[in-house]
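Peer 1: I am attaching a structure below and will ask some questions about it afterwards.
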Amino acid sequence: MTDNLPSLDQFEHFDFRELPIGVYMISLDGQLIVCNRTLRKMLELPLEGPPNANIEDYYADPASRKMVIEQAIKVAEQGKHVERMILHLKVRDRDLYVEDYCKIMQNGQGHVSGFVGCMVDITSDFESKQHERELQERVEELTFDIGRILHANTTTLVMVIQSLNSVIQAFISNPFDGYGLPSIEEIESELTEQASRLASAIERFIKTGDDERRSKALPGHKWEMLTNQIEALRDFKERIPVLESQPVALRVSAHSIGQISQSIVPGSLPRESVRELQQAAWHLERLTTLIDVLKTRTAVMQMDYTLQSLREYITADVRETAKRATMTVESLIEQVVSRLASYAQSSRVDIKTYHIVDAKVMVNEREIVRALSNLLHNAIKYTWRRDQTKAPWVSIHTKLDNQKVNIEFENWGVPVSKEEIEEGLVFKLGYRGKWSTDRGRLGTGIGLTDSRRIAEAHGGGMLIESHPTRIYKESHEGYFKQPFLTKVTLYLQITSNS
Amino acid sequence: MKPRVLWIEDSARFELNNLTGPIYFYGNYDFQQVEDVTTAVNFLKAKSFDVLIVDIRLPPGTDPYWKELYQNVTIDGSGEKLGIKFLYWLLSQDGNYQQNPPEWVTPDLIGVFTVENYQEIHGTLDTLGIKVYKHKSAGLSDTTLLELIEEILAIKSGSRKKH
Numbered sequence: 044m045t046d047n048l049p050s051l052d053q054f055e056h057f058d059f060r061e062l063p064i065g066v067y068m069i070s071l072d073g074q075l076i077v078c079n080r081t082l083r084k085m086l087e088l089p090l091e092g093p094p095n096a097n098i099e100d101y102y103a104d105p106a107s108r109k110m111v112i113e114q115a116i117k118v119a120e121q122g123k124h125v126e127r128m129i130l131h132l133k134v135r136d137r138d139l140y141v142e143d144y145c146k147i148m149q150n151g152q153g154h155v156s157g158f159v160g161c162m163v164d165i166t167s168d169f170e171s172k173q174h175e176r177e178l179q180e181r182v183e184e185l186t187f188d189i190g191r192i193l194h195a196n197t198t199t200l201v202m203v204i205q206s207l208n209s210v211i212q213a214f215i216s217n218p219f220d221g222y223g224l225p226s227i228e229e230i231e232s233e234l235t236e237q238a239s240r241l242a243s244a245i246e247r248f249i250k251t252g253d254d255e256r257r258s259k260a261l262p263g264h265k266w267e268m269l270t271n272q273i274e275a276l277r278d279f280k281e282r283i284p285v286l287e288s289q290p291v292a293l294r295v296s297a298h299s300i301g302q303i304s305q306s307i308v309p310g311s312l313p314r315e316s317v318r319e320l321q322q323a324a325w326h327l328e329r330l331t332t333l334i335d336v337l338k339t340r341t342a343v344m345q346m347d348y349t350l351q352s353l354r355e356y357i358t359a360d361v362r363e364t365a366k367r368a369t370m371t372v373e374s375l376i377e378q379v380v381s382r383l384a385s386y387a388q389s390s391r392v393d394i395k396t397y398h399i400v401d402a403k404v405m406v407n408e409r410e411i412v413r414a415l416s417n418l419l420h421n422a423i424k425y426t427w428r429r430d431q432t433k434a435p436w437v438s439i440h441t442k443l444d445n446q447k448v449n450i451e452f453e454n455w456g457v458p459v460s461k462e463e464i465e466e467g468l469v470f471k472l473g474y475r476g477k478w479s480t481d482r483g484r485l486g487t488g489i490g491l492t493d494s495r496r497i498a499e500a501h502g503g504g505m506l507i508e509s510h511p512t513r514i515y516k517e518s519h520e521g522y523f524k525q526p527f528l529t530k531v532t533l534y535l536q537i538t539s540n541s
Numbered sequence: 007m008k009p010r011v012l013w014i015e016d017s018a019r020f021e022l023n024n025l026t027g028p029i030y031f032y033g034n035y036d037f038q039q040v041e042d043v044t045t046a047v048n049f050l051k052a053k054s055f056d057v058l059i060v061d062i063r064l065p066p067g068t069d070p071y072w073k074e075l076y077q078n079v080t081i082d083g084s085g086e087k088l089g090i091k092f093l094y095w096l097l098s099q100d101g102n103y104q105q106n107p108p109e110w111v112t113p114d115l116i117g118v119f120t121v122e123n124y125q126e127i128h129g130t131l132d133t134l135g136i137k138v139y140k141h142k143s144a145g146l147s148d149t150t151l152l153e154l155i156e157e158i159l160a161i162k163s164g165s166r167k168k169h
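Same order as they appear, the protein sequences are chains A and B. 44 is the number of the first residue of the first sequence in the working numbering; add one for each residue after it. 7 is the number of the first residue of the second sequence in the working numbering; add one for each residue after it.
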C-alpha cells in the first residue's frame, strides 16, 4: 500500500511549472520575470523562453494596478498575503478574470522589489455569476413594474365597478333587485315577459290604421321587418341555443324595432299605438342592457380579485417579510369572509361558516389571509345553484386534528377530475382546471399554487377532494357535466387551543 | 335554402357568444360553429358551406398532423397561428396533409376574423386571395358577425359592400 503513496523526494523535486494554476514572479514595475506554462497559456505568451511581457499591459484598467500594489503592501504590513483578489485582465480584447494569491518580495533594504504568486482563471464562473446578478436585477425590476401595472389595473377596475354601480342605479326599477347577478331562471322569466310584450305590441301596431295610412307611415320593407320579428320574439328560447346569447339577440331586435318606431312619419298613425311600440321596444332594450351590465359587473369583480391576488403573488418576494404573529383561526376566517363578501354578493353566492375551532396559529397574516382567500374565491367562482328556492352557497368548516387545524372550503359545482388531483396538475403554476372555463370563467391558474406554497412555508399543506354528486359512471358522457362536491383543505400547525 | 355558414373560432361559445345571438334570432342562416382545426376539417369534408369565417389563433384538436404543426409554429416563435396553416391547406397551397381540401372552397367565401393586426397577416391574405378581414378588438358591435357574413355573401354575389 505504501508503495502507492507519493514520496517526499517527489515533492522536493516537483517542478512548479507543472502546476495546473498560473505561477509567476513579477518585478515591482510589472515585468514578468518568470511564469509557468499555465500562466503563459492564460496570457497567450510563448510557451518557452523569456516571457518578455508586462502584467500592467494586461490590466483592463492599467491605472488600477497601482491600487492593487498598495493593497498588497497594506496586507503585507499586517503580516498577511493577498488572497483571492479578483483581477480583471484583457488578453487580445478577451476578458480574463483571475483570482490572485500573492506574496510581496523585498530587497536587502526591506523595500518592495516584486511579487510571487499564482492566478486561477475564474472567467466562466465570474461571468455566469455576473449574468446571474444581472438577471436577478432584471427580475426585480420587472417584478416592480408588473406590480405597479397590476396596481394601476386594479385601480381602473375599481373605477369600472363604481361606474357600473351608477349605471345600475340609473335603471330606476331594477327587476333583479340589487347589483348581484340574477339566476338563469330570473333572467329567462323577465326576458320572456318583455319579449312577449313587444311581440304583442307589434301585432297590435301592424293592425293600426288603414293601408293608406300605414304606407304613409313606413316603407314596405320596415313593415315586413316588424312582422318577421313577432315570431322570433316569441320563440327566442328555441332559436338561440346558447343562454348567454339570448339577451344580446333580443337587444339587437329591440333596438332595431325602436329605430323603426322612431322613423314613423308623425301624424300618420295614432300616437298611442306608436308610443306603445316604442315603450315595449325600450323596455326590452333596457332590460337586456341591464342584464349585460350586471354580468359585466360580476366579471369585473372576479377579475379585480384575480388581479389583486396576482399582484400579491408576484410582489411577494420583493416585499419586506412581515414577522409571524399568533392569530386565532376565527380572526383569519373573519378577514377572509369580509374580503370576499362583495364578490360573493355580486355572484349571489352565500358564504356559510360552520363551527370555528378555538385555536391559534403562528402565521404571516397577510400571506395566510391571501392563501385562504384564494380558496374561498375559487369555491365561490366554481359554485352552481343546487336548489331552486335557495341561493347557491359555499361552506367553511374547521376541524382540529392532533396538532393541526384543518380549514375546509366546500362547494357544489364545477368538477375537478381524479387525474388532475392525483397528478398534482391543480397545483401547477398557470394550470387551469379542465372544466374550470365553463360558462366563460376567467382565471390565471395561480391561486392554488400560491396557497399551497404559503401553507407549506408555514409547515402546513393542502388537500383536495372532488366527488360526483349523481349516479353517472365515469364512462358516461354526462359524468363531467354533473355537479361535483369539491373540498379544499388548508392545514396549519396550531400553537394552542383551549 | 338558407346560406350555410361555418364559424371556426375557439372562443365562440364563451367570450364571443354575444355575436351569435342575433344570427340565431333572425334565423336567416344555417349557422354552425366549431372550435378547433380537426373538427373544422371533419365538418368541411361532410358538407359544403357558403361562408367560412376563420380565426387565426386556433387550437389543433385531436388530429396528430395539426397537433404537430401547432407545436412547431409555437416553438418557432410565430405563436399559435395555426389558422394560417389551415387556410393554406384549405386553399390547396399546402400539399403535406394527407387529406385533400374540399373542392368547393374558394377564397371569396372565406372571411378572417382575428385579433391579429391587418399589417401582420395581409401578406398571407393577399397570397391566398382572401379579401374579407375583420379585426377582433374591444368595442365590437353585437352585429359584427352578422355583418361579416353579409359582406362575404355580397362579395360572392358580385356586389361588394364597403367595409
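Don't be surprised by glycine CBs; every beta carbon is placed ideally from N, CA and C.
Helix, strand or coil for B/His141 per DSSP?
Peer 2: strand
Peer 1: Give a yes or no on whether 8 Å exceeds the smallest Cβ distance from A/Arg282 to chain B.
Peer 2: yes
Peer 1: Is the shortest distance between the beta-carbon of A/Gln289 and the beta-carbons of chain B less than 8 Å?
Peer 2: yes
Peer 1: Using a Cβ cut-off of 9 Å, which residues of the segment 91–120 of chain B contact any Cβ in chain A, in chain order?
Peer 2: none
Peer 1: Considering only their Cβ atoms, is the gap separating A/Ala324 from A/Leu276 smaller than 8 Å?
Peer 2: no
Peer 1: Please confirm whether B/Arg19 and A/Val285 have their CB atoms less than 8 Å apart.
Peer 2: It is a contact, given that the beta carbons lie within the stated cut-off.
Peer 1: Label A/His420 either buried or exposed according to how many other C-beta atoms from any shown protein chain fall within 10 Å of its C-beta, with 16 as the threshold for buried.
Peer 2: buried
Peer 1: Cβ of A/Val295 less than 8 Å from any chain B Cβ?
Peer 2: yes
Peer 1: Can you pull the chain B neighbours of A/Ala422, defined as C-beta to C-beta under 9 Å?
Peer 2: Chain B residues near A/Ala422: none, gap ~21 Å exceeds 9 Å.
Peer 1: Would DSSP call A/Gln149 helix, strand or coil?
Peer 2: strand
Peer 1: Using the Cα positions of A/Ile189 and A/Pro262, report the straight-line distance between them to the nearest angstrom.
Peer 2: 57 Å
Peer 1: DSSP three-state label for B/Glu157, please.
Peer 2: helix
Peer 1: What are the start and end residues of each continuous alpha helix (DSSP H) run of 4 or more residues lying completely inside the segment 22–71 of chain B, in chain order?
Peer 2: Secondary structure remark: continuous alpha helix (DSSP H) runs of at least 4 residues inside the segment 22–71 of chain B, in chain order: 27–32, 43–52.
Peer 1: Using the beta-carbon of each residue, which ones in chain A are nearer than 8 Å to B/Phe172?
Peer 2: The question about residue 172 of chain B has no answer, for chain B in this structure spans 7 to 169.
Peer 1: Determine contact between the segment 523–531 of chain A and the segment 387–403 of chain A, defined as no fewer than three beta-carbon pairs at a distance below 8 Å.
Peer 2: Segment contact: the segment 523–531 of chain A against the segment 387–403 of chain A, fewer than three CB-CB distances shorter than 8 Å; contact not assigned.
Peer 1: Closest to A/Ala434 by CA distance: which of A/His264, A/Gln305, A/Pro225 is it?
Peer 2: A/Pro225
Peer 1: Taking all protein chains shown into account, do 16 or more other C-beta atoms lie within 10 angstroms of the C-beta of A/His501, making it buried, or fewer, making it exposed?
Peer 2: buried
Peer 1: Give the residues of chain A in contact with B/Arg10, contact being defined as C-beta atoms less than 9 Å apart.
Peer 2: Going along chain A, no residue has its Cβ under 9 Å from B/Arg10, so there is no contact; the nearest lies around 17 Å.
Peer 1: A/Ile64 to A/Val111, Cα distance in whole Å?
Peer 2: 20 Å
Peer 1: To which residues of the same chain is A/Trp455 closer than 6 Å at the C-beta, ignoring the five residues directly before and after it?
Peer 2: Arg429, Pro526, Leu528
Peer 1: Taking the alpha carbon of A/Val134 as the point to measure from, which residue in A/Arg176, A/Leu88, A/Cys145 has its own alpha carbon closest?
Peer 2: A/Leu88
Peer 1: Return the CA-CA distance between A/Pro511 and B/Val43, expressed in angstroms with no decimal places.
Peer 2: 32 Å
Peer 1: Is the Cβ of B/Pro28 closer than 8 Å to any Cβ of chain A?
Peer 2: yes
Peer 1: Could you check if A/Met202 is buried or exposed, using at least 16 other CB atoms within 10 Å of its CB as the buried criterion?
Peer 2: Exposed, since its Cβ has fewer than 16 Cβ neighbours within 10 Å.
Peer 1: What do you get for A/Arg495, buried or exposed, if any count of 16 or more other CB atoms within 10 angstroms of its CB means buried?
Peer 2: Burial call: buried.
Peer 1: Hey, A/Leu207 and A/Thr166 are a contact pair by Cβ (cut 8 Å); roughly how many whole angstroms apart?
Peer 2: A/Leu207 to A/Thr166, Cβ: 60 Å. No contact.
Peer 1: Would you report the Cα separation of A/Lys259 and A/Ile245, rounded to the nearest angstrom?
Peer 2: 17 Å
Peer 1: In the DSSP assignment, find the alpha helix (DSSP H) that holds A/Ala368 and state where it starts and stops.
Peer 2: Taken as a continuous stretch (DSSP letters only), A/Ala368 belongs to no alpha helix (DSSP H), being part of the beta strand (DSSP E) at 368–371.
Peer 1: Output needed for A/Met344: all residues of its chain with C-beta closer than 6 Å, excluding positions within five of it in sequence on either side, in chain order.
Peer 2: Tyr386, Ser389
Peer 1: Short of 7 Å Cβ to Cβ, which residues in the segment 140–161 of chain B face chain A?
Peer 2: Asp148, Thr149
Peer 1: What is the DSSP secondary structure of A/Phe470, reduced to helix, strand or coil?
Peer 2: Three-state DSSP puts A/Phe470 in a helix.
Peer 1: What are the start and end residues of the beta strand (DSSP E) that includes A/Gln446?
Peer 2: First-last for A/Gln446: undefined, no H or E at that position.
Peer 1: How big is the Cα-Cα spacing for B/Ala160 and B/Asp56?
Peer 2: 11 Å
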